[in-house]
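Student:
2 protein chains.
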Amino acid sequence: MPMATMRDVAELAGVSTATVSHVINGSKKLSPETTERVLRAISQVNYTPNTVAKSLRMGQTFTIGVLVEDIRGLPVAAIVSGISETLSKAGYKTIFHDLHLLEKLYNQYEQIGTYRERINEGVLLLKSSNVDGIIYVAMHDRHLDYLLDPMDTPLVYAYSHGTENDTYVTYSNKDSAADMIRYLLSKGHERIAVIAGHPHSYPTGQRLLGIQMAMQQAALTLPPEYIRYGDWEYESGKTQTKALLELPSPPTAIFAMNDLMAAGSLSAIQTMGLQIPKDIAIVGFDNREIASYLQPPLTTVALPTPAIGAKAALHIIDMISNPYAHPVREIIPCSIIERDSV
Amino acid sequence: MPMATMRDVAELAGVSTATVSHVINGSKKLSPETTERVLRAISQVNYTPNTVAKSLRMGQTFTIGVLVEDIRGLPVAAIVSGISETLSKAGYKTIFHDLHLLEKLYNQYEQIGTYRERINEGVLLLKSSNVDGIIYVAMHDRHLDYLLDPMDTPLVYAYSHGTENDTYVTYSNKDSAADMIRYLLSKGHERIAVIAGHPHSYPTGQRLLGIQMAMQQAALTLPPEYIRYGDWEYESGKTQTKALLELPSPPTAIFAMNDLMAAGSLSAIQTMGLQIPKDIAIVGFDNREIASYLQPPLTTVALPTPAIGAKAALHIIDMISNPYAHPVREIIPCSIIERDSV
DNA sequence: TCTGTGAGGTTAATCGTTTAAAAGATTATA
DNA sequence: TATAATCTTTTAAACGATTAACCTCACAGA
């Protein structure tokens, strides 16, 4: 049995389709009797408006395209969760497109062409679905200016940065790192070492900046031998920690720039027979699931993922109703999750 | 500048919109010159068909609604990833709706009403978006028969079961558990204990069945004191393991029914000063991220999540073109991930 | 009695496609 | 030469909503 249409309702109620539409949308004052009759007819035939027809007529789909690099990436799922919640509360639907780009993204510059293709395809697909706007959730900064060229659809970046002229919402690298240092300082640590990520990556640079800043403010310095670079992976945390502990004057606290390296660090510390947090403190970044199951549970900084998603959704909705507004850059602070590793 | 329409193309090429449509869809043989002219016009005005109009006319949206309990649930993201990939390869779009139901689901029977409401809302929302079909991704079995009542939209369950008359795709609880036992047996273990999940949950029951079966086939038995029930959480793994180790004749291998409890178990074993896997072996279930970062890395069973997603997508597409086919129940085997804990 | 006003409803165009059916043009057949 | 057959293209009616503009009627005021 085909879905009931507005016509069916109109006929049953003995009115025109215009009247039915007005009842549904409250777009005109109607007599109580008519309204009543139409409402009854609606529930009698179990009528639901056909969104497709509505969209065609109104030139709006009330649909936002959510383009993600890979939903399997941990922060991505949490961000999408936030987006989805806010969007549906605001009456928007989410059309989801996954680029499946989770392979290790670094050092694959030869493949950048393929990435661009995949991304372009995704955008085209969403645009051809007549989405009212697009949210792009990427784990690493990508310069997507080339994408914007043919883009008359509002776009906001969530998590990663766009260019200067884009609207994006991300988390604070610099301030969060500084906060963590201040936290360590407040616990009495002064000899703090850091295991950074890839030397040239944006988060590494920013966080290092924040760290130096916080140290300076405390009239302390971060000696060069206390800065070691890893590759964001478990093993590198292990190696760099060993190097750190063999220093003539080893640190009393280690700040690893993600939880994976922190886990490696923790394992290295323990195989050297040291106690955490008695002999040395260790903190991470990201608050992945693993952080709470390490022994001891890891103190780390939590990304404001739900907030990033929610804000991104809010911004895209704004941009739809107000297409010529200025781009807005929103940077959300992270929070420190205290556990037992310091 | 508004998007170019078929009319624009037609005018530019000096033909009717019907001709343009035929060129695009290859639905009629046309002279090469006309085709050429239309094609040129299309790229000149940068035309993309308006999907909304197309959907209205065709009565099909080429859109599948993906209803998830909560995308933050680990297996959920991986399943959605599989769904999305298969769907978009087949030319379908994914409209995503998250129910945000991640709060601990157990023992909340009072809240079941709210769940039903949330789920119903979601289904209604998707139906009103005129999706061609719905995939429901739930982490726990829910009896959604009440949902099907007004459902003329094809539905497939992914991960969880539906009722007898539903199409679903899930993983094998019984066989995977049996496989794991056989694996342990092959490594020389005969005194195998199990830390189960909630006593009355479906996975617990099925896996226990598989375990008993495999033991019997090896002419071994699982003594009652070797079966302990946890609550799927870390702490319960710890407690149950302690109890197991205090037995007069402790097991040489422990099979925890998820990685979280296995992690707890591992911690308990180590605080008792035992070596893994030398003194005792431990295996888990789920292959969560945590499994590979435990010390030692945990041997566990991996859920076939991408396959579940892919198959679910395939089934829904089948059902769309063939609405009166029989329901199909597909159970996909899991695989054992060998690491260093046995 | 006539005009003006407002309330309550309707008419019909429109959004951008698809697709039967019709029409026109060209070639083949008798 | 007339007719049939074929090939190419067009006409126009959908699909199911929204909405500006119009219509009708009742009543108030002059």
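Those sequence lines, one after another, are chains C and Y.
Quick note on numbering: the numbering used here labels position 189 of the first sequence as 252, and the sequence is numbered without any gaps.
Quick note on numbering: the numbering used here labels position 131 of the second sequence as 194, and the sequence is numbered without any gaps.
We put the CB at the ideal spot given by N, CA and C, even for glycine.
1. For Glu296(Y), I'd like the list of residues in its chain whose CB is within less than 8 angstroms of its CB, leaving aside the five on either flank, ordered along the chain.
2. Look up Glu296(Y) in the DSSP assignment and say whether it is helix, strand or coil.
3. With 8 angstroms set as the bound, which would you pick, yes or no: does the beta-carbon of Ile317(C) sit closer than that to a beta-carbon of chain Y?
4. Could you tell me which chain C residues have their CB closer than 9 angstroms to the CB of Pro112(Y), listed as they occur along the chain?
5. Kindly list, in the order they appear in chain Y, the residues whose Cβ is closer than 7 angstroms to that of Ala116(C).
6. Please list the partners that Thr80(Y) has in chain C, where partner means a Cβ-to-Cβ separation under 9 angstroms.
7. Which residues of the stretch 358 to 375 of chain C have a Cβ closer than 7 angstroms to any Cβ of chain Y? Give them in chain order.
8. Output yes or no for whether 8 angstroms exceeds the beta carbon distance between Ile383(Y) and Ala140(C).
9. Ignore the nearest five residues each way along the sequence and tell me which others in Leu211(Y)'s own chain have a CB closer than 6 angstroms to its CB.
10. Which residues of chain C have a Cβ atom closer than 7 angstroms to the Cβ of Val143(Y), listed in chain order?
11. For the candidate residues Phe159(Y), Pro367(Y), Leu93(Y) and Asn113(Y), whose alpha-carbon lies nearest to that of Leu119(C)?
12. Identify, in the order they occur along the chain, each residue of the same chain with its Cβ nearer than 7 angstroms to the Cβ of Asp195(Y), setting aside the five sequence neighbours on each side.
13. Just by C-beta distance, which residues in the stretch 340 to 357 of chain Y are closer than 9 angstroms to chain C?
14. For the stretch 248 to 262 of chain C, which residues have a CB atom closer than 8 angstroms to at least one CB atom of chain Y, in sequence order?
15. Within 10 angstroms of its Cβ, does Met320(Y) collect 16 or more other Cβ (buried), or is it exposed?
16. With a CB to CB cut of under 6 angstroms and the five nearest residues on each side skipped, what residues in its chain are close to Arg245(Y)?
17. Measuring alpha carbon to alpha carbon, tell me which residue in Thr226(C), Val257(C) and Val143(C) is nearest Ala240(C).
18. Per the DSSP calculation, Ser398(Y) is bridged to which residue(s)?
19. Quick one: list the residues of chain C neighbouring Ala140(Y), beta-carbon separation under 7 angstroms, in chain order.
20. Can you give me the start and stop residues for the beta strand (DSSP E) that His25(C) sits inside?
21. Use the C-beta contact count for Pro213(Y): other C-beta atoms within 10 angstroms, 16 or more gives buried, fewer gives exposed.
22. Looking at the structure shown, is Tyr169(C) part of a helix, part of a strand, or coil, going by DSSP?
23. Take Met335(C) and list the residues in its own chain whose beta-carbon comes closer than 8 angstroms to its own, dropping the five residues that flank it on each side.
24. Reducing DSSP to helix, strand and coil, say where Gly260(Y) ends up.
25. Starting from the C-beta of Tyr172(Y), find all residues in its chain whose C-beta is less than 7 angstroms away, skip the five residues before and the five after it, and write them out in chain order.
26. Just how far apart, CA to CA, sit Leu285(C) and Lys250(C)?
27. Ignoring anything shorter than 4 residues, give me the alpha helix (DSSP H) runs that lie fully in the stretch 95 to 130 of chain Y, in order along the chain.
28. Just the Cα atoms here: how many angstroms apart are Ala331(C) and Tyr292(C)?
29. Assuming Leu189(C) and Ile197(C) make a contact with CB atoms under 8 angstroms, what is their CB distance in whole Å?
30. Checking 8 angstroms against the spacing of the C-beta atoms, do Ile339(C) and Pro314(C) come in under that value?
31. Rounded to a whole number of angstroms, what is the C-alpha to C-alpha distance between Thr363(Y) and Ala104(Y)?
32. Since Thr124(C) meets chain Y, which of its residues come closer than 8 angstroms, beta carbon to beta carbon?
33. If you compare alpha carbons, which of Gly273(C), Ile317(C) and Arg270(C) is closest to Glu288(C)?
34. If the cut-off is 9 angstroms on Cβ atoms, which residues from the stretch 391 to 402 of chain C count as contacting chain Y, listed in chain order?
35. Alpha carbon to alpha carbon, how far is Ala73(Y) from Ala153(Y)?
36. Look at the alpha carbon of Val200(Y) and the alpha carbon of Ser144(C), and state the distance between them as a whole number of angstroms.
Tutor: Working from what's here:
1. Leu323, Met324 and Gly327
2. coil
3. no
4. Ser191
5. Leu119
6. Residues of chain C passing the Cβ test: none, with the nearest at roughly 16 angstroms.
7. Gln358
8. no
9. Confidence in Leu211(Y) is poor, its pLDDT being 48 and thus under 50, which makes the residue's placement too unreliable to answer from.
10. Ile134
11. Asn113(Y)
12. Gln123, Thr124, Phe125, Thr126, Ile127 and Ile383
13. Arg351, Glu352, Ile353, Ser355, Tyr356 and Leu357
14. none
15. buried
16. Ala277
17. Val257(C)
18. Ala365(Y)
19. Ile134, Arg135 and Ala140
20. Since the displayed chain C opens at 64 and closes at 405, residue 25(C) lies outside it and no answer follows.
21. Bear in mind that the predicted position of Pro213(Y) carries a pLDDT of just 45, short of 50, making it unreliable; the figure below should be weighed with that in mind. Classification for Pro213(Y): exposed.
22. Here Tyr169(C) scores only 42 on pLDDT, less than 50, and its place in the model is too uncertain to base an answer on.
23. Lys305 and Leu308
24. coil
25. In this prediction, Tyr172(Y) has a pLDDT of 46, which is less than 50 and means its spatial position is unreliable; what the coordinates show is noted afterwards. If we look at Tyr172(Y) and ignore the five residues flanking it on each side, it has no Cβ neighbours.
26. 17 angstroms
27. 95 to 108 and 114 to 121
28. 16 angstroms
29. 6 angstroms
30. no
31. 58 angstroms
32. Val115
33. Ile317(C)
34. none
35. 29 angstroms
36. 15 angstroms
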